[in-house]
Amino acid sequence: MSRGDRLRLPGLLLLLALAGCGGEADSVVEVTAGQGTGKPAYGDTYIEALQGNISGLIPNVLSDGPSFEVASLIYNGLVKYDKDLNIVGELAESWQYSRDCLDLTFKLRRNARWHDGQPFTAADVVFTYETMVNPKTPTAYGGDYKAVESVTAVDAYTVHVRYKHPNAKALQSWSIWMLPKHLLETAAREGKLREAPQNRTNPVGTGPYLFKEWKSGEKVVLVANPNYFAGRPYISRVVYRIIPSSATTFLELKAKGVDGAKLTALQFKRQTEYPAFRKAYAKYQYAANVYVYLGMNLRDPRFADRRVRQAFAHAINKRELIEGVRLGLAREATGPYKPGTWQYNPNVHLYPYDPAKARALLASAGWTETNADGILLKNGQPFKFDILSAQGSDEGRKVAEIIQASLKDIGVQAEIRVIEWAALLKEYIKKRNFEAVILAWGITPDPDQYDIWHSSKTSPDELNRISYANPEADDLLEKGRSTCVEADRKKYYDRLQEVLAEDQPIVFLYFRDGLPVVASRVRGIQPAPIGINYNFNEWFVPLNLHRYTAG
Amino acid sequence: MFGYALRRLILAIPLLIGITFVSFLVIHLAPGEPVENQAGETSTQSDAKLRERLREIYGLDKPLYVQYWNWVSRLARLDFGRSFSPDARPVLQKIGERLPITLLLNIVELTIIVTLAIPIGVLSATRQYSTFDKITTVFVFVGFATPDFWLALMLMILFGVQLGWLPISGLRSPTWEYLAFWKQQWDFVAHLALPILVATFGGLAGFSRYMRQSMLEVVRQDYIQSARAKGLPESVVIGKHALRNALLPIVTVLGLSLPGLIGGSVIVESIFAIPGMGQLMVQAVFERDYPVIMGNLVIVATLTLVANLIADLTYSLVDPRIRVAARRGRR
């Protein structure tokens, strides 16, 4: 699950944080600057800007984006998503499912070694599994292995996993970062992984880069692993510089102090089009794994009526919204899946901008009269409610303002309330004490969204925050997650998207674009649906363009 | 004098406990809790379990007064606890690694401010309404009115991007390890130049204004008149008789800025990507990392109390009148 799900948290928090998400797992990619060619050469340093300090070096017990970004170069999973979002082997050479989807057998590669020289074996896989399900381990990803009955090492390079029931996400859960048994066994048994020195000063993984140093709040330095099983990476040294301010990151780019960073929409569109910048950097653009939505509390009788939600969908001009908020750098969302992925169903009911239709839908729901201010009335009550938005999110506030204006046109009065993120989550969302809210969901490459839409997932800590309940959707979600046959899953999820489009439990607004830039001396970048970072170990700088000779 | 200091120190203990109690309460009243960020918003079942587990680890499942008691009794043994952040490191270690850079920046800043502010203040007071005074007044108001972050960005654009003379942010170049010793030092100084400039600009404005005001009051006093009447040269009148008196309020202000030395400027540190105390504290607040927040507060509160005491004590050193009054009072 890691590779996909780790995007979830940053995704959710994105309305709070300003800049883009991880930059992996994405669909349409456009190169907006030419990629030169040149001969691959070893050496040079690549400097990437990180927006926040990392919180540790054993990602299995962490949950923040910057930590995952660094960890992805240090650790490997048994499997990973390739550039087109298919699952392929990483530390596993191959795997086999039994016909009933209950037995999964991995063959491990024999040439993988831990950074300290020890061989990577089946014992490490069993250890990692046991650590993840150990109730003492403070990890957010243990739930992925609930369906596992047993994990056994058949021999040093064969692992057999037995499931209690068929589980669609079984394979992808083995993208979890593998941990070295010989170093972490004691710490893991005591539930002290966070206190382990490997979380702070000397993490040991199997990945393409070795850890060199972490200066808290300042930088993290990695160096190429000459013994990496897929071959030594070209770029010798990676420096993650921690720069909290996006304005500063941008100036560092202009002064060539960093080689890679993520831009804001404004920077991408308006401030980086001059020739010197275009020459120094290649800009990339792809639909990120985050969509922004207007959520309504379906326990509120006004929003429980589907026609009201449909009316809102018709009243909001998504294209204008994307233009106004993201300067066009986003794609309209028709449902919870990203266009271009295998699970995406383009043939769902659409809601083009149509205020007249919106008014008609509201009228059919009983909102027929208006008061002196032009606000619709039902049983003498005006249609008034609050839209909540997280503080510090310019984007959330702008979306709320545009929606407010659109709703006013159809006689609905919305007030905007901006609330600090922690308070918003605890006092309003978890207590289901809200009328409407602007939020974002980070999604995974796997289409299973049981936790978000299933009617059983509505308790305070659970994620069906709008209290959506539809028996057909429940049924489809259950079926979709309990088979390992992709064609069957596609059928269920296609139908699910139709149901969701019809119901509009939330108004799906847009998928935000990820906007990374990379110094143009760096070659080998092949944009793909998953983004640009997936083949970092193949990036290189031609010898004549090396900038940092040291190292 | 010693007895007085001791009495003040003993009185400070209940005060400190009171401060920590109120802070503890206020921090826990803020919505959100440390487990929220870490449990993340991922799959639900494991989350609920993780939340409980983390609450247990951190002792958040206990009533607030028990939590406070545990914290205070650990503190009495000078144990500041471990951070609630996933790195689970001792609070003192986390503060210890951030403190030196903040201290360095603030001490350099304060030194520059004091060395510049005192002569500026004296000159503009003794030459009230002169061109110099008018220029500094304008400078002072500009200094007050300029937001730090704006000035920082402008300077970064000018010196970092346009001219390319100075690095924009951070503490060291990425190639720092490979530089020769003297180049390393130069690199470090170059990185600090802009942050210090920005922080000094605002502070200088305030300080020179204090000095000017204080001096203006003193030169109107009778004893300055008599000093002049005695026929003392103006330099002695101002430099000796007036200045010593005018410095008194400055000592107070200086004393009060002592605790500020360890609290970094959040804005300057964020903009210049300097990993100091300000950033640590802000991150701790966002993560609701109670031990780090409280640890920092205890240190700042203690320093404030100590600084007050030192300011009071130095008064008597600088001002003979207070010394005399204290001696008479004792009789």
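These protein sequence lines are chains A and B, in that order. Going by my numbering, the first residue of the first sequence is number -10, and it counts up by one from there. Going by my numbering, the first residue of the second sequence is number 205, and it counts up by one from there. Beta carbons: idealized from backbone N, C-alpha and C, even for Gly.
Backbone secondary structure at residue i - three-state DSSP
i: A:Tyr275; result: strand
i: A:Arg478; result: helix
i: A:Val297; result: helix
i: A:Pro531; result: coil
i: A:His154; result: coil
i: B:Phe206; result: helix
i: A:Gln370; result: strand
i: A:Ala517; result: strand
i: A:Tyr282; result: strand
i: A:Glu358; result: strand
i: A:Lys307; result: helix
i: B:Asp523; result: coil
i: A:His149; result: strand
i: A:Gln260; result: helix
i: A:Trp588; result: This structure leaves residue 588 of chain A out entirely; chain A is present only between -10 and 540.
i: A:Asp71; result: coil
i: A:Asp502; result: strand
i: A:Tyr64; result: coil
i: B:Trp552; result: Residue 552 of chain B lies beyond the range of chain B shown here (205 to 535); nothing can be said about it.
Proximity below 8 Å, CB of residue i to CB of residue j
i: A:Ala101; j: A:Phe218; result: yes
i: A:Phe372; j: A:Gly400; result: yes
i: A:Thr126; j: A:Gly180; result: yes
i: B:Gly285; j: B:Trp275; result: yes
i: B:Glu491; j: B:Ser289; result: yes
i: B:Phe348; j: B:Ala409; result: yes
i: B:Pro479; j: A:Glu207; result: yes
i: A:Leu67; j: A:Leu46; result: no
i: A:Ala541; j: A:Ile391; result: The question about residue 541 of chain A has no answer here: the residues shown for chain A are numbered -10 through 540.
i: A:Ala322; j: A:Tyr499; result: yes
i: A:Leu242; j: A:Val150; result: no
Top-ranked residue by Cα proximity to residue i, from the options
i: A:Gln486; options: A:Asn459, A:Cys473 and A:Val507; result: A:Asn459
i: A:Ala429; options: A:Arg178, A:Pro215, A:Asp133 and A:Val279; result: A:Val279
i: A:Asp435; options: A:Ile455, A:Lys479 and A:Ala394; result: A:Lys479
i: A:Val407; options: A:Lys387, A:Arg421 and A:Lys397; result: A:Lys387
i: B:Thr340; options: B:Gln487, B:Pro351, B:Pro323 and B:Trp354; result: B:Pro323
i: A:Arg421; options: A:Ser234, A:Gly41, A:Ile455 and A:Ile519; result: A:Ile455
i: A:Gly520; options: A:Ile43, A:Lys251, A:Asp440 and A:Tyr198; result: A:Lys251
i: A:Gly194; options: A:Asn49, A:Leu366, A:Ser83 and A:Gln515; result: A:Asn49
i: B:Val239; options: B:Thr456, B:Glu260, B:Val365 and B:Phe206; result: B:Glu260
i: A:Thr147; options: A:Pro192, A:Cys90, A:Asp105 and A:Gln85; result: A:Gln85
i: A:Ser205; options: B:Ile316, B:Ala477, B:Val270 and B:Phe336; result: B:Ala477
i: A:Glu384; options: A:Phe57, A:Val227, A:Tyr282 and A:Ser164; result: A:Tyr282
i: B:Pro218; options: B:Ile466, B:Lys253 and B:Ala505; result: B:Ala505
i: B:Ser520; options: B:Pro399, B:Glu421, B:Arg302 and B:Leu451; result: B:Leu451
i: B:Thr224; options: B:Tyr494, B:Leu355 and B:Ala511; result: B:Tyr494
Same chain, Cβ closer than 6 Å to residue i, neighbours up to 5 away in sequence not counted
i: A:Gly249; result: Glu37 and Val507
i: A:Ile432; result: Asn278
i: B:Pro351; result: none
i: B:Ala209; result: none
Residue i Cβ short of 7 Å to the ligand MN heavy atom set
i: B:Val522; result: Of the ligands one can find in the structure shown there are none, so the ligand MN has no counterpart to examine.
Residues near residue i by beta carbon distance below 7 Å, same chain, minus five either side
i: A:Lys201; result: Val210, Leu211 and Val212
i: A:Gln256; result: Phe239
i: A:Gly284; result: Ala425, Val426, Leu428, Arg454, Ile455 and Ile495
i: B:Ser539; result: Residue coverage of chain B in this structure runs from 205 to 535, which leaves residue 539 of chain B outside it and unanswerable.
i: A:Arg99; result: Tyr146
Close beta carbons around residue i, own chain, < 8 Å, minus the five adjacent residues each side
i: B:Val441; result: Ile428, Ala431 and Arg432
i: A:Glu544; result: The requested residue 544 of chain A is not part of the displayed model; chain A covers only -10 to 540.
i: B:His445; result: Tyr427, Ile428, Ala431 and Leu436
i: A:Arg542; result: Because chain A spans -10 through 540 in this model, residue 542 of chain A falls outside it and cannot be assessed.
i: B:Gly300; result: none
i: A:Asp398; result: Ala304 and Pro344
What residue ranges within the stretch 202 to 240 of chain A form continuous alpha helix (DSSP H) runs of no fewer than 4 residues, ordered along the chain? DSSP runs (the alpha helix (DSSP H)) wholly in the stretch 202 to 240 of chain A: none.
Taking only runs that begin and end inside the stretch 297 to 335 of chain B, name each unbroken alpha helix (DSSP H) of 4 or more residues, in chain order. For the stretch 297 to 335 of chain B, there is no continuous alpha helix (DSSP H) assignment of 4+ residues that stays within its boundaries.
Start-end ranges of the alpha helix (DSSP H) lying completely within the stretch 262 to 290 of chain B, minimum 4 residues: Taking only runs of at least 4 residues, the alpha helix (DSSP H) segments lying wholly in the stretch 262 to 290 of chain B are 268 to 280.
Length at least 3, wholly inside the stretch 150 to 198 of chain A: the beta strand (DSSP E) runs in chain order: Fully enclosed beta strand (DSSP E) runs of 3 or longer: not present.
List in chain order: all unbroken beta strand (DSSP E) runs of 3+ residues lying wholly within the stretch 380 to 408 of chain B. Within the stretch 380 to 408 of chain B, no complete beta strand (DSSP E) run reaches 3 residues.
Members of the stretch 462 to 493 of chain B that neighbour chain E once the beta carbon cut-off is set at 9 Å: You won't find chain E in this structure, because its protein chains are A and B.
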